[in-house]
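The sequence shown runs 5 to 451 under my numbering.
The C-beta atom is built at its ideal place from N, Cα and C for all residues, glycine as well.
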Amino acid sequence: MKKIFISFFCCMSVLSGFGQTVQQKLEEFLTIYNRDNLFNGSVLVAQKENILLQKGYGWKNIHDSSLNDANTIFQIGSVTKQFTAAIILQLQEQKKLSIEDSVSKYFQGFPHGGKITVRHLVTHTSGLYNYTKDTVFMKNDAVKFITRDKMLSLFRDKPLDFEPGSSFSYSNSGYVLLGYIIEQVTGKSYFRVVRENIFKPLRMDHSGFNFASLNDTDKATGYFLLTPKANMPAPVVDSSVAHAAGAIYTTVGDLYKWDRALYNGKLINDASMQVAFTPNKGNYAYGWVIDSAWNKKVAYHTGGIFGFSSIIARVLDDQTCIILFDNHGSPSLEKMAEGLNAIVQGKPYELPKSRPEIELSAEILRQYIGEYELAPNFILTVTFEEGQLMTQATGQAKVPIFAEKENFFFLKVVDAQLEFIKGVDGKMEKLILHQKGQTIPAKKLGK
5 MKKIFISFFC
15 CMSVLSGFGQ
25 TVQQKLEEFL
35 TIYNRDNLFN
45 GSVLVAQKEN
55 ILLQKGYGWK
65 NIHDSSLNDA
75 NTIFQIGSVT
85 KQFTAAIILQ
95 LQEQKKLSIE
105 DSVSKYFQGF
115 PHGGKITVRH
125 LVTHTSGLYN
135 YTKDTVFMKN
145 DAVKFITRDK
155 MLSLFRDKPL
165 DFEPGSSFSY
175 SNSGYVLLGY
185 IIEQVTGKSY
195 FRVVRENIFK
205 PLRMDHSGFN
215 FASLNDTDKA
225 TGYFLLTPKA
235 NMPAPVVDSS
245 VAHAAGAIYT
255 TVGDLYKWDR
265 ALYNGKLIND
275 ASMQVAFTPN
285 KGNYAYGWVI
295 DSAWNKKVAY
305 HTGGIFGFSS
315 IIARVLDDQT
325 CIILFDNHGS
335 PSLEKMAEGL
345 NAIVQGKPYE
355 LPKSRPEIEL
365 SAEILRQYIG
375 EYELAPNFIL
385 TVTFEEGQLM
395 TQATGQAKVP
405 IFAEKENFFF
415 LKVVDAQLEF
425 IKGVDGKMEK
435 LILHQKGQTI
445 PAKKLGK
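The following block contains the structure:
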């Protein structure tokens, strides 16, 4: 149930794009996603050295009316993890560490540290509690500087989710710990190591870490909400909090340099490359999820951090690269990357289908505010913010919903609809979630 909005995508119409060039199809695809408020950001699509499309869509900063372009700088969240994993492999090549080293070698007295290895941390098989699940910390303190000791206190003494190596569970804590191990081994900050070992050699001149302090006209503002009717800027997560799990900012062009370097052996050798792209539990490799499309191997990773979302998808067999950055936190990027790859591969692809939308008064919209229980400990919270009705499922991003009828609303980011039902007393009693042919009732709490 907790993935109820994550795994279902927009209602689509299938197209073959007959008579259009690849670039025309790519542009049409992205223009429609931007028009429907499903994408607001920058994109790069390439095959080997041939850049097929590189441009921006929508607002970079709505308050000064600046627009995204190919040079806009975004936070990329968890896409950072592949850089951290590459540094670990570099250090192993230099015999400064081994992926089989235990955490205890670097942090004496770390609970279960003798059982947890560097490999477990990289592949999310450590069982460590994920500190970003601490909603109170993320809400109140994620924008503040945090010391290493304070960060470790968020997860080191928590019970393990499972025996190390026995299962897969995504953990930002593991990658922060990798960053600290890198610092222990090199005697330098994690940020400095990435700059010296990756950014500088590749001339990724528009990439860095401390986004809050970045003073650059190309810097995008992240938004929790960005619609024609309303906007809500997002606070910036401090780089000490995101650290080796998600602190990097960059441009689509800089990230493309990273993609190219992974084919030429500039950063890690062939043996390390083999390790980096071999899937483990959960199809997770070293900062990459491994999949396939039309019998071609695909490595990708998504990222999400307050107001920003990102994806890099690499078709390893033909060197197609798709990079999407968004500064209104769109959850549609994975589906978009699939569509863009279909266009490049000459396969049928899908475009969002528009639904009719009506305007309702604030008085009518406010009557839907409340918490609705879809399942035990899984709540849909409906709020009214800046003139826009919003919904948020437990543990997921807040998204706008739009009225098709007075009591019937739809999401644009996924193919899901919410039908609100009143009781005999005229008060809101429940909602019904319509999704993928299912109807799931949710009773309003505190009625």
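Option nearest residue i by Cα separation, candidates the options
i	options	result
G430	Q371, A234, L132, K154	Q371
F264	D165, I55, L218, N411	The amino acid at residue 264 is misidentified as Phe; the sequence shows Arg. When each option's Cα is compared against that of R264, the closest is I55.
R359	D165, S314, Q421, A74	Q421
K285	K64, Q51, R123, F414	R123
I91	D220, N41, R199	R199
F141	D242, K119, P115, Y227	D242
I120	T151, G178, I373	G178
S296	Q278, V279, A280, L320	L320
F312	Y37, E31, K300, N44	N44
F215	L206, V245, I186	V245
Y227	P335, H438, A275	P335
M394	L415, I383, A379	L415
A74	L271, I425, G257	G257
P283	I444, V107, L71, T129	T129
L229	P239, K59, L206	P239
I103	K270, F159, V279, H210	V279
L369	L355, E423, K351	E423
DSSP three-state assignment for residue i, whether helix, strand or coil
i	result
A446	strand
P360	coil
G81	helix
G399	coil
S70	strand
I186	helix
T387	strand
C14	Residue confidence is low: C14 scores 34 on pLDDT, short of 50, so the model does not pin down where it sits. Its coordinate-derived value is still stated next. Residue state, collapsed to three classes: coil.
Q58	strand
M208	coil
S296	strand
Q24	coil
T88	helix
E408	strand
A420	strand
S130	coil
G374	strand
N287	helix
Y110	coil
T282	coil
F203	helix
Distance between residue j and residue i (C-alpha atoms, nearest Å)
i	j	result
K162	L132	8 Å
I218	G450	At residue 218 the sequence reads Leu, which differs from the Ile that was named. Approximately 44 Å, taken between the alpha carbons.
K204	Q98	19 Å
T76	Q112	43 Å
M236	G427	33 Å
C325	T398	33 Å
I436	N411	11 Å
Y253	M208	11 Å
E390	H67	15 Å
K85	G441	36 Å
A289	F329	22 Å
T139	Q400	11 Å
T136	D145	11 Å
T127	G62	35 Å
F413	I36	21 Å
E167	G117	12 Å
heavy atom of the ligand FAD below 6 Å from residue i C-beta
i	result
N235	The ligand FAD is not part of this structure, which contains no ligands at all.
Cut-off 6 Å between Cβ atoms - residues of its own chain near residue i, not counting five sequence neighbours on either side
i	result
C15	Note that C15 scores a pLDDT of 35, beneath 50, so its modelled location is shaky and nothing firm can be said.
Q396	T385, K402
E32	none
G250	G81, S82, T84, I309
Own chain residues within Cβ distance below 7 Å of residue i, not counting five before or after
i	result
G183	T88, Y194, H247, A248
N201	I91, Q94
F30	Residue identity differs from the one stated: residue 30 is Leu in this sequence, not Phe. Excluding sequence neighbours, L30 sits near V49, L56, L57, L344, I347.
Y260	L48, A50, C325, I327
K52	Q323
F149	D242, S244
E361	F406, A407, E408
D220	I77
E187	S193, Y194
Contact with chain B by residue i, beta-carbon distance below 7 Å
i	result
H124	Given the protein chain composition of this structure (a single chain), no chain B is represented.
Contacts around residue i, its chain only, beta-carbon distance under 8 Å, and the 5 residues preceding and following it disregarded
i	result
K447	Y376, E377, E433, K434
T231	N41, Q392, P404
H305	S82, V83, K85, Q86, G291, W292, V293, I315, I316
F13	Here the model assigns F13 a pLDDT of 28, short of 50, so the residue's position is not dependable and the matter cannot be decided.
T443	I436, L437
Segments assigned alpha helix (DSSP H), at least 4 residues, entirely inside the segment 301 to 353
337 to 349
Ignoring anything shorter than 4 residues or poking outside the segment 239 to 277, list the alpha helix (DSSP H) runs there in chain order.
243 to 250, 256 to 268
Taking only runs of the alpha helix (DSSP H) that begin and end inside the segment 135 to 198, which ones reach a length of at least 4 residues, in chain order?
139 to 144, 152 to 157, 176 to 190, 194 to 198
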